[in-house]
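Below you'll find the structure, written out as structure tokens, and then a few comments.
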Amino acid sequence: MAEEKEFVKELTSKSVDFSQWYVDVVRKAELADYTTIKGCMVIKPYGFALWENMRDALDRRIKATGHKNAYFPLFVPESLLRKEAEHVEGFAPEVAWVTHGGDDKLEERLAIRPTSEAVICSIYAKWIHSYRDLPVLINQWANVVRWEKVTRLFLRTTEFLWQEGHTCHRTEQEAEEETLKMLEVYREYMETELALPTVVGLKTESEKFAGALRTYTLEALMGDGKALQSGTSHNLGQHFARVFDIKYLDEDQQEKYVWQTSWGVSTRVVGAIIMAHGDDYGLQLPPRVAPIQAIIIPIFFGEGKEVIRNKCTEVEEKLRQAGYRVESDLREVYTPGWKFNLWELKGVPLRIEIGPRDIKQNRVVVVRRDTREKLSVPEDEITEKLQVLLTDYQNALLKRAQTFLRENTRSIDDYAEFKSIIEEKRGFIVSPWCGSAECESAIKEETKATIRCIPFGDEQDPQGKQCIRCSKPAKWRVYFARAY
RNA sequence: CGGGGCGUAGCGCAGUUGGCUAGCGCGCAGCGUUCGGGACGCUGAGGUCGGGGGUUCAAGUCCCCCCGCCCCGACCA
Numbered sequence: 030m031a032e033e034k035e036f037v038k039e040l041t042s043k044s045v046d047f048s049q050w051y052v053d054v055v056r057k058a059e060l061a062d063y064t065t066i067k068g069c070m071v072i073k074p075y076g077f078a079l080w081e082n083m084r085d086a087l088d089r090r091i092k093a094t095g096h097k098n099a100y101f102p103l104f105v106p107e108s109l110l111r112k113e114a115e116h117v118e119g120f121a122p123e124v125a126w127v128t129h130g131g132d133d134k135l136e137e138r139l140a141i142r143p144t145s146e147a148v149i150c151s152i153y154a155k156w157i158h159s160y161r162d163l164p165v166l167i168n169q170w171a172n173v174v175r176w177e178k179v180t181r182l183f184l185r186t187t188e189f190l191w192q193e194g195h196t197c198h199r200t201e202q203e204a205e206e207e208t209l210k211m212l213e214v215y216r217e218y219m220e221t222e223l224a225l226p227t228v229v230g231l232k233t234e235s236e237k238f239a240g241a242l243r244t245y246t247l248e249a250l251m252g253d254g255k256a257l258q259s260g261t262s263h264n265l266g267q268h269f270a271r272v273f274d275i276k277y278l279d280e281d282q283q284e285k286y287v288w289q290t291s292w293g294v295s296t297r298v299v300g301a302i303i304m305a306h307g308d309d310y311g312l313q314l315p316p317r318v319a320p321i322q323a324i325i326i327p328i329f330f331g332e333g334k335e336v337i338r339n340k341c342t343e344v345e346e347k348l349r350q351a352g353y354r355v356e357s358d359l360r361e362v363y364t365p366g367w368k369f370n371l372w373e374l375k376g377v378p379l380r381i382e383i384g385p386r387d388i389k390q391n392r393v394v395v396v397r398r399d400t401r402e403k404l405s406v407p408e409d410e411i412t413e414k415l416q417v418l419l420t421d422y423q424n425a426l427l428k429r430a431q432t433f434l435r436e437n438t439r440s441i442d443d444y445a446e447f448k449s450i451i452e453e454k455r456g457f458i459v460s461p462w463c464g465s466a467e468c469e470s471a472i473k474e475e476t477k478a479t480i481r482c483i484p485f486g487d488e489q490d491p492q493g494k495q496c497i498r499c500s501k502p503a504k505w506r507v508y509f510a511r512a513y
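Structure, rendered in structure tokens:
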């Protein structure tokens with residue numbers, strides 16, 4: 030207990046000040062840091078290694094569903110961006126503009142992409158002529174810039190990294206299927222790789238992507254009870270196809286506009302992992318994406334130092350060859366206890382301790398980051414044991430997050446109760462809604478809660494209930510929450 | 001962009017009614033002893049006090065402007 034308090038001096042307690050805890054963790058775990066440019070962070074090697082693993086796991090899924098990666102320009106000529114009225118209007122306040130090349134003023138200013146619909150659609154118009162060119166299934170990994178007024182590390186930065194898929198289809202139905210398919214890819218990805226359960230559904234008109242027909246979303250619940258939009262998938266209909274003139278000649282000799290989708294997941298989800306899994310000791314990274322899955326720490330004692338050091342290196346090499354991401358912390362200036370705290374702060378799932386006692390018995394000590402449970406494992410069983418432990422750990426993280434989501438999702442029909450829960454406990458509230466934008470914005474104003482999504486299937490059935498605010502017959506049951 | 005808070009060494013802070021060479025803890029460097037949950041001793045390095053301007057014999061301290069970060073709102077991934 031004493032040592033726990035001692036440690037907390039470095040890290041704000043999660044329950045005392047969630048926001049400060051978040052910033053402390055990001056910086057002390059060396060995920061990212063501020064830079065001299067407002068709203069722009071540097072993603073440090075440890076944070077970037079995490080992002081790379083997250084990115085690769087998603088990239089595999091994007092490719093497995095038939096998409097190819099490509100790269101489009103960073104700049105969007107103003108005229109191009111202005112083509113889709115709703116789209117420009119949505120992004121106008123947060124576009125950064127390039128006005129000069131060297132000392133010369135540009136004839137037409139260039140937007141730094143806030144998203145790539147305009148650029149990509151203008152190019153698709155040149156590529157697509159026949160129904161035989163369809164579908165076009167392209168994804169790009171890129172940086173985008175949105176001039177946000179308020180920024181937060183990972184959650185909302187001026188520049189951020191993401192993937193954006195942009196597809197073209199022959200029929201409306203095919204586009205809708207693609208939109209939902211990618212939503213499901215995201216959902217499964219978040220759950221399997223990041224141990225983050227999400228609520229999925231449709232965005233309301235006021236919350237949908239500027240220029241889209243429909244927007245689907247994944248909403249995760251953070252440790253403080255606020256929701257985080259963690260990915261979106263848009264059915265763009267033919268809005269962009271019409272303004273960018275993306276036409277093809279169909280089999281029936283008719284010229285037609287394509288049906289499009291776009292979908293994206295960003296570095297914001299790094300923030301989701303931190304806020305959903307972290308605790309007062311720091312990060313807790315899901316083993317599947319953790320940059321280091323196990324950290325080996327030697328316990329040195331006088332003479333046997335060399336023997337212990339060699340054993341650490343030997344075990345490290347063995348585990349690495351078995352495919353694990355392992356490192357040894359052999360630094361002698363730090364005591365074991367210091368290292369324990371450091372690597373727990375950095376969220377490494379497992380710690381392997383090797384000391385004189387273990388050497389004698391040909392065993393090693395393995396400790397879990399989440400439960401701090403200590404296990405003595407025979408050295409020759411370490412490879413198999415790690416597999417079991419990492420799998421258990423991943424499952425435990427998911428299970429804990431699922432329980433948290435379930436316990437913080439409440440079905441409420443009474444507005445007074447709605448208000449008090451959103452104020453005190455937060456979390457998701459599932460309530461009947463009449464479907465009007467008036468009620469939606471009034472609820473937002475009165476409670477700061479927004480409609481995160483209209484869920485699918487039976488879940489959206491209002492069961493004859495009345496709108497939580499206006500008492501008119503409800504159209505759906507929808508998810509409300511305060512959100513990031 | 002509005003309201004509030006903060007900015008002194010890498011981090012956390014102290015610095016009195018304006019007054020000597022700006023301190024403390026941690027961290028950092030060197031040497032030695034240590035090491036199963038943030039070890040210790042000795043020595044040492046490190047500061048345009050966020051930036052600019054002003055008031056004053058004298059500014060970390062008072063005034064004005066600007067910048068950045070955090071929180072709460074309006075806008076968004």
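Just so we're aligned, residue 30 is where the first sequence starts under my numbering, counting upward by one.
Beta carbons are placed, not taken as given, at the ideal position from N, Cα and C, and that holds for glycine.
As the structure is a prediction and not an experimental result, all values here were calculated from the model.
Segment contact, 8 angstroms Cβ cut-off, at least three pairs: the region 470-480 with the region 422-438: The region 470-480 vs the region 422-438: no contact.
Local Cβ density within 10 Å of D132, reported as buried at 16 or more and exposed below that: Reading the first sequence from its first residue, position 103 is the one you call residue 132. By the neighbour-count rule (16 or more Cβ atoms within 10 Å), D132 is not buried but exposed.
Buried versus exposed call for R517 [16 or more other C-beta atoms within 10 Å across all chains shown]: Outside the shown range of the chain (30 to 513) lies residue 517, about which nothing can therefore be said.
Which listed residue (S159, P226 and L166) has its alpha carbon closest to that of I149: Counting from one through the first sequence, the residue named residue 149 turns up at place 120. Cα-wise, what sits closest to I149 is L166.
Alpha carbon of C496 to alpha carbon of V507, nearest angstrom: Looking up residue 496 in the first sequence gives position 467. Looking up residue 507 in the first sequence gives position 478. Straight-line measurement puts the Cα of V507 at about 10 angstroms from the Cα of C496.
Cut-off 6 angstroms between Cβ atoms - residues of its own chain near V355, not counting five sequence neighbours on either side: Here residue 355 refers to the residue found at position 326 of the first sequence. Shown here for V355: same chain residues with a beta carbon closer than 6 angstroms to its own, the five before and five after excluded, namely A323, E345, L348 and R349 in chain order.
Beta-bridge partners of Y63, as assigned by DSSP: The count along the first sequence starts at 1 and reaches residue 63 at position 34. Partner(s): M70.
Rounded distance between the beta-carbons of E123 and T479, thought under 8 angstroms: On the first sequence, residue 479 is found 450 positions in, with the first residue counted as 1. On the first sequence, residue 123 is found 94 positions in, with the first residue counted as 1. The pair is not a contact, with the Cβ atoms about 19 angstroms apart (cut-off 8 angstroms).
Proximity below 8 angstroms, CB of P320 to CB of L79: The residue you call residue 320 lines up with position 291 of the first sequence. The residue you call residue 79 lines up with position 50 of the first sequence. Closer than 8 angstroms, so yes.
For A239 and S291, the rounded distance between their alpha carbons: Numbered from 1 along the first sequence, position 262 holds the residue referred to as residue 291. Numbered from 1 along the first sequence, position 210 holds the residue referred to as residue 239. Going from the Cα of S291 to the Cα of A239 covers about 12 angstroms.
Continuous alpha helix (DSSP H) stretch holding L135: start and end: Within the first sequence, residue 135 is the residue found at index 106, counting from 1. In this chain, L135 is not harboured by any alpha helix (DSSP H); it is covered by the beta strand (DSSP E) spanning D133 to I141.
Start-end ranges of the alpha helix (DSSP H) lying completely within the region 155-243, minimum 4 residues: Segments of the alpha helix (DSSP H) lying fully in the region 155-243: 201-223.
Secondary structure of Y51, DSSP reduced to three states: In the first sequence, residue 51 corresponds to position 22, counting from 1. Helix.
V336 Cβ short of 7 angstroms to the ligand COA heavy atom set: The ligand COA is not part of this structure, which contains no ligands at all.
8 angstroms Cβ shell around I152 - same chain, five flanking residues per side excluded: The count along the first sequence starts at 1 and reaches residue 152 at position 123. Excluding residues within five positions, the ones whose Cβ falls inside 8 angstroms are F101.
Neighbourhood of E33 by C-beta, 6 angstroms cutoff - its chain only, sequence neighbours within 5 removed: Within the first sequence, numbered from 1, the residue matching residue 33 stands at position 4. Low local confidence applies: a pLDDT of 40 at E33 is under 50, so the model's placement there is unreliable, and no value is given.
Stretch-stretch touch, CB-based, cutoff 8 angstroms, three pairs: the region 74-94 with the region 104-118: Inter-segment contact for the region 74-94 and the region 104-118 is absent: fewer than three beta-carbon pairs are separated by less than 8 angstroms.
Beta-carbon spacing of Y245, L231 below 8 angstroms: Taking the first residue of the first sequence as 1, we reach residue 245 at position 216. Taking the first residue of the first sequence as 1, we reach residue 231 at position 202. Cβ atoms of Y245 and L231: closer than 8 angstroms.
Cβ pair I326, R380 closer than 8 angstroms: By one-based count along the first sequence, residue 326 stands at place 297. By one-based count along the first sequence, residue 380 stands at place 351. Yes, they are a contact pair.
Contact between the region 204-220 and the region 412-424 (3+ Cβ pairs under 8 angstroms): No: fewer than three Cβ pairs fall under 8 angstroms.
Sub-8 angstroms separation of V362 and E382 beta-carbons: As a first step, residue 362 must be located in the first sequence, where it is residue number 333. As a first step, residue 382 must be located in the first sequence, where it is residue number 353. No; because the gap between Cβ atoms is not below 8 angstroms, this pair is not in contact.
Buried versus exposed, by CB contacts within 10 Å (16 or more), Q492: Residue numbering aside, residue 492 sits at position 463 when the first sequence is read from its first letter. Q492 is classed as exposed because its beta carbon has fewer than 16 other beta carbons within 10 Å across all chains shown.
Local conformation of P122 per DSSP, three classes: Stepping through the first sequence from its first residue, residue 122 is reached at position 93. Assigned with DSSP and collapsed to three states, P122 falls in helix.
Buried versus exposed, by CB contacts within 10 Å (16 or more), F485: Numbered from 1 along the first sequence, position 456 holds the residue referred to as residue 485. F485 is exposed by the Cβ-count criterion.
For H129, the residue or residues it bridges with in DSSP: In the first sequence, residue 129 corresponds to position 100, counting from 1. Its beta-bridge partners are K134.
Distance, R392 Cα to I141 Cα: Here residue 141 refers to the residue found at position 112 when the first sequence is read from its first residue. Here residue 392 refers to the residue found at position 363 when the first sequence is read from its first residue. Their Cα atoms are separated by approximately 56 angstroms.
Where L359 sits in the DSSP three-state scheme: Against the first sequence, residue 359 aligns to sequence position 330. Residue state for L359 is assigned as coil, using DSSP reduced to three classes.
Cβ neighbours of W176 in the same chain (closer than 7 angstroms, five flanking residues each side left out): In the first sequence, residue 176 corresponds to position 147, counting from 1. Non-local beta-carbon contacts of W176 in its own chain, meaning distances under 7 angstroms to residues more than five positions away in sequence, involve E123, V124, A125 and T187 in chain order.
Cβ-Cβ distance between P164 and E203 below 8 angstroms: The residue you call residue 164 lines up with position 135 of the first sequence. The residue you call residue 203 lines up with position 174 of the first sequence. When the beta-carbon positions are compared, P164 and E203 come within less than 8 angstroms of each other.
Per-residue burial, S357 [other beta carbons within 10 Å of its own, 16 or more giving buried]: Taking the first residue of the first sequence as 1, we reach residue 357 at position 328. That one is buried.
Of the listed residues T180, R199 and S259, nearest to Y218 (C-alpha basis): Your numbering for residue 218 matches position 189 in the first sequence. Among T180, R199 and S259, the Cα nearest to that of Y218 belongs to S259.
Residue of K494, L135, K255 and R243 minimising C-alpha distance to A512: Within the first sequence, residue 512 is the residue found at index 483, counting from 1. The residue with the shortest Cα to Cα distance from A512 is K255.
DSSP state of T479 mapped onto helix, strand, coil: As a first step, residue 479 must be located in the first sequence, where it is residue number 450. The three-state reading of DSSP puts T479 in strand, counting E and B together.
Spatially closest choice to F330 from G376, G307 and P385, by CA coordinates: Taking the first residue of the first sequence as position 1, residue 330 is located at position 301. Nearest C-alpha to F330: P385.
Top-ranked residue by Cα proximity to K448, from P106, A510 and D46: Here residue 448 corresponds to residue number 419 of the first sequence, with the count starting at 1. K448 has its Cα closest to that of A510, out of P106, A510 and D46.
Assigned exposure category for D387 - 16 Cβ within 10 Å defines buried: Against the first sequence, residue 387 aligns to sequence position 358. Counting Cβ neighbours within 10 Å, D387 comes out buried, since at least 16 surround it.
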